[in-house]
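One structure is given here, and the rest of the page talks about it.
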Amino acid sequence: MARVLKETFIENYEKEGKSFYATSKKFNIKITISSNTFRIITVDKVIK
Numbered sequence: 907m908a909r910v911l912k913e914t915f916i917e918n919y920e921k922e923g924k925s926f927y928a929t930s931k932k933f934n935i936k937i938t939i940s941s942n943t944f945r946i947i948t949v950d951k952v953i954k
């Protein structure tokens with residue numbers, strides 16, 4: 907996960923409500939992160 911987050915461009919991070927969303931086109935996943943604890947909540951596969 908750390909590698910995916912490091913290699914994801916800042917433009918692909920969004921903040922909505924209480925969560926951050928990091929979308930990696932390279933790895934085809936979307937990571938949901940709590941903005942309070944910075945813990946990973948979910949990892950979803952992105953369908954092309």
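When we follow this note's numbering, the leftmost residue of the sequence shown carries the number 907, and every step to the right adds one.
C-beta: ideal position from N, C-alpha, C; glycine also.
May I ask which residues mark the beginning and end of the alpha helix (DSSP H) holding residue i?
i: Lys912; result: Ala908 to Glu913
Would residue i pass as a contact of residue j if the rule is Cβ separation under 8 Å?
i: Glu914; j: Ser925; result: One point to set straight first is that residue 914 is Thr, not Glu, in the sequence displayed. The answer is no: Cβ separation not under 8 Å.
i: Arg945; j: Ile937; result: no
i: Ser941; j: Lys921; result: yes
Less than 8 Å between C-beta atoms, sequence neighbours within five positions excluded: which residues of the same chain meet that for residue i?
i: Lys954; result: Asn934
Assuming residue i contacts residue j under a Cβ cut-off of 8 Å, what Cβ separation, rounded to an integer in Å, is found between them?
i: Ala928; j: Tyr919; result: 5 Å
Where do the ends of the beta strand (DSSP E) carrying residue i lie?
i: Ile935; result: Ile935 to Ser940
i: Thr929; result: Ser925 to Ser930
i: Thr943; result: Neither: Thr943 is in no beta strand (DSSP E) and is coded neither H nor E.
Within the same chain, show all residues whose beta-carbon is closer than 6 Å to that of residue i, passing over the 5 residues directly before and after it, in chain order.
i: Thr948; result: Thr938
If I measure Cβ to Cβ from residue i and keep anything under 7 Å in the same chain, skipping five residues before and after, which residues do I get?
i: Val952; result: Thr929, Asn934, Ile935 and Lys936
Taking Cβ positions only, does residue i come closer than 8 Å to chain B?
i: Gly923; result: The chain labelled as chain B is not found in the depicted structure, where only one protein chain is given.
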